[in-house]
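Data first, discussion second: the structure below is written as structure tokens.
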Amino acid sequence: MAPVFCGVDLGSTNVKVLLLDEDGRVLSRKACRTPRLAEPDGVATDAEALLCMVEALMIAAFHDAGLSSPLAAVAAAGVGEDGVPVDGQGLALDRAIPWFDRRASALAQAMAARAPWRNAPLPVALDYSRTAAKWAWARQHRPEALAAATSWVALTDYPAARWSGRCFMSESLAARTACWHVGERRWMDDLLADCRAPPLPAVVPGGTVLGSLHSPRLEAAGVANRKTAVVAGGHDHPVAAFAIRQRHPTAIVDSMGTAELIYAEIPEDNGQPPPHPYFAFSRPVWGTGIACLGVTELSGALQPLIEDASDLGSAFRAIMAGGSVPGGPGQGPVVRNRLEEMTWDTARRLAVLAELGVPPGPLFTGGGWARSDSFLRLRASIFGRDIHIVTEAELSAFGAAFLAAHAAGFSPPVLLGERSISPDPDWARLYAG
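full-length UniProt numbering puts the last residue of the sequence shown at 433; the count rises by one with no breaks.
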């Protein structure tokens, strides 16, 4: 049988699995809600329950695709900051606190005011979402688990660590802790000491083959065997961009999901750029250079419009359903003004990329908020450039499967569907003026 590769996306909302064959065809997609457990001060995730869910989705996708031979390789992408302390067997000692949980807000604010953080070349701004803040919070509120830990594993890396029997951290996830020096590829010891980090595993680049897959459940189902390669993946946005950039090496990716994230790469490895208010820095999941990631909370701005009971909400829902954006550039109505404000913010971020050393390239977009052509035409008119739309709905899982294939020595074609939206000439002229 021809080799088949599996990509896993451990997202904030959903867990997704995608199977890709050596001809670049998607054979199956499966998804379910990310498991959450209520806690007195927020929510959390049981890492073993998450692993069981991933394996159940892999088995379902395997049977859905009608496969009879074990998978050739598997890699996982996902959220950047969640993680768990583990024991000497690699088993989780505590639940994972999700990145969006705000219980560490006050502590992170106090940490950020201290000298080690004020003067450090941080890859990301220190706030409640970073792993460093979660480590400091856990030392105060859950000290037993961290005291017993022999290592720490990011939640996205947990399935691969359990399958391979190897504790590790994908490099694009190390950057999300706020303690990794991206340019010099090392931990900043003074920051680790300040947040009282647990022992940390080896940091490995995306695409590293960790070993063969060992899982009684997957082996019994015929999904995997001792020849199935386990591959390090990483942060979901860089993994998704990796797939697009295989066809368009200079592509800039504007992901319009729960958060809007602009992804681009500085090709020359000249060290970590200085902190910037618009961008965080990381490493690409494959290859050299510096990854630039600019994040805004898009859903926080647009979701209230979807749920609004007034005429404003009705107008926005009509746009997202395929209707035209009413009014003209800078002339309202209110729904247009809101969309223009958000788009101008993105335009300012795109303009900064050239200052950071990112070469010009085509602009790609995807995600749930990119489904309205009229909204995208407004954005293209403000940007003054075409927007290319990727039609693969599970781009992070697709990228993870593609990364697994590359690491295993295969080069499937990138069969991503694409279409383009051009600026409205009249709108573009008025916006440019």
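Glycine is no exception: its CB is placed at the ideal position from the N, C-alpha and C atoms.
Go ahead and label residue i buried or exposed: buried means 16 or more other beta carbons lie within 10 angstroms of its beta carbon, across all protein chains shown.
{"i": "Glu-55", "result": "buried"}
{"i": "Pro-123", "result": "buried"}
{"i": "Ile-306", "result": "exposed"}
{"i": "Gly-66", "result": "exposed"}
{"i": "Gln-246", "result": "buried"}
{"i": "Gln-272", "result": "buried"}
{"i": "Thr-288", "result": "exposed"}
{"i": "His-63", "result": "exposed"}
{"i": "Asp-386", "result": "exposed"}
{"i": "Ser-422", "result": "exposed"}
Pick from the options: whose alpha carbon is nearest that of residue i?
{"i": "Arg-33", "options": "Gly-11, Asp-23, Glu-22", "result": "Gly-11"}
{"i": "Ala-49", "options": "Gly-78, Pro-3, Arg-36", "result": "Arg-36"}
{"i": "Ser-172", "options": "Ser-299, Trp-286, Arg-103, Ser-151", "result": "Trp-286"}
{"i": "Pro-412", "options": "Ile-421, Arg-25, Phe-242", "result": "Arg-25"}
{"i": "Leu-91", "options": "Arg-166, Ala-132, Phe-100", "result": "Arg-166"}
{"i": "His-237", "options": "Phe-62, Gly-399, Leu-430, Asn-119", "result": "Gly-399"}
{"i": "Glu-22", "options": "Ile-262, Ala-407, Glu-394", "result": "Ala-407"}
{"i": "Pro-3", "options": "Glu-418, Gly-417, Phe-402", "result": "Phe-402"}
{"i": "Asp-426", "options": "Gly-417, Gly-330, Leu-298, Trp-344", "result": "Gly-330"}
{"i": "Tyr-278", "options": "Asp-345, Arg-338, Thr-288", "result": "Asp-345"}
{"i": "Ala-106", "options": "Leu-93, Ala-133, Leu-339, Gln-89", "result": "Ala-133"}
{"i": "Asp-94", "options": "Met-58, Ala-125, Thr-45", "result": "Thr-45"}
{"i": "Cys-6", "options": "Ala-160, Glu-184, Leu-416", "result": "Ala-160"}
{"i": "Pro-359", "options": "Thr-365, Gly-366, Ala-351", "result": "Ala-351"}
{"i": "Ala-138", "options": "Pro-116, Leu-126, Val-335, Ala-104", "result": "Ala-104"}
{"i": "Gly-234", "options": "Ala-291, Ala-112, Asp-373, Leu-376", "result": "Ala-291"}
{"i": "Asp-190", "options": "Ser-381, Met-256, Ala-115, Arg-226", "result": "Ala-115"}
{"i": "Ser-212", "options": "Leu-430, Thr-156, Val-230", "result": "Val-230"}
{"i": "Asn-270", "options": "Gly-357, Val-74, Gly-206, Ala-264", "result": "Gly-357"}
{"i": "Gly-366", "options": "Trp-135, Val-43, Ala-240", "result": "Ala-240"}
{"i": "Arg-338", "options": "Leu-312, Arg-348, Ser-129, Asp-41", "result": "Leu-312"}
{"i": "Ser-299", "options": "Glu-260, Gly-83, Ile-266, Ala-31", "result": "Glu-260"}
In this structure, does DSSP put residue i in helix, strand or coil?
{"i": "Asp-254", "result": "strand"}
{"i": "Lys-16", "result": "strand"}
{"i": "Thr-391", "result": "coil"}
{"i": "residue 436", "result": "No statement about residue 436 is possible, as the shown extent of the chain runs from 1 to 433 and does not include it."}
{"i": "Ser-151", "result": "strand"}
{"i": "Tyr-278", "result": "coil"}
{"i": "Ile-97", "result": "coil"}
{"i": "Trp-286", "result": "coil"}
{"i": "Ala-125", "result": "coil"}
{"i": "Cys-195", "result": "helix"}
{"i": "Leu-298", "result": "helix"}
{"i": "Arg-33", "result": "strand"}
{"i": "Ser-52", "result": "Looking at the sequence shown, residue 52 is not Ser but Cys. Three-state result, Cys-52: helix."}
{"i": "Glu-268", "result": "coil"}
{"i": "Ser-324", "result": "coil"}
{"i": "Ser-396", "result": "helix"}
{"i": "Thr-365", "result": "strand"}
{"i": "His-248", "result": "coil"}
{"i": "Arg-186", "result": "strand"}
{"i": "Asp-21", "result": "strand"}
{"i": "Phe-410", "result": "coil"}
{"i": "Ser-372", "result": "coil"}
{"i": "Asp-426", "result": "helix"}
{"i": "Ser-310", "result": "coil"}
{"i": "Leu-293", "result": "strand"}
{"i": "Leu-27", "result": "strand"}
{"i": "Val-335", "result": "helix"}
{"i": "Ala-113", "result": "coil"}
{"i": "Val-209", "result": "strand"}
{"i": "Ala-120", "result": "coil"}
{"i": "Ala-224", "result": "coil"}
{"i": "Ala-38", "result": "strand"}
{"i": "Ala-65", "result": "coil"}
{"i": "Leu-91", "result": "coil"}
{"i": "Met-58", "result": "helix"}
Could you tell me whether any Cβ in chain D is nearer than 7 Å to the Cβ of residue i?
{"i": "Arg-130", "result": "Reference to chain D is not applicable here, since this structure consists of a single protein chain."}
What is the C-beta distance between residue i and residue j, in whole angstroms, given that I count them as a contact (C-beta under 8 Å)?
{"i": "Phe-168", "j": "Ala-197", "result": "Not really, about 16 Å apart at Cβ, beyond 8 Å."}
{"i": "Leu-353", "j": "Phe-383", "result": "Not really, about 12 Å apart at Cβ, beyond 8 Å."}
{"i": "Leu-18", "j": "Arg-29", "result": "5 Å"}
{"i": "Val-243", "j": "Val-414", "result": "It should be noted that the sequence gives Ala, not Val, for residue 243. The Cβ separation is near 6 Å, so the contact holds."}
{"i": "Leu-378", "j": "Val-334", "result": "Actually they are not in contact, since the Cβ atoms of Leu-378 and Val-334 sit about 14 Å apart, beyond 8 Å."}
{"i": "Arg-336", "j": "Val-182", "result": "Not quite, the Cβ-Cβ distance comes to about 39 Å (not below 8 Å), so this is no contact."}
Residue i bridges to which residues according to DSSP?
{"i": "Met-169", "result": "Val-203"}
{"i": "Glu-418", "result": "Val-390"}
{"i": "Gly-234", "result": "Ala-77"}
{"i": "Thr-45", "result": "Ala-96"}
{"i": "Gly-83", "result": "Ala-154"}
{"i": "Cys-6", "result": "Leu-19, Val-74"}
{"i": "Ile-262", "result": "Asp-254, Gly-294"}
{"i": "His-181", "result": "Arg-186"}
{"i": "Gly-229", "result": "Contrary to the premise, residue 229 reads as Ala rather than Gly in this sequence. Ala-73, Ser-212, per the DSSP bridge assignment."}
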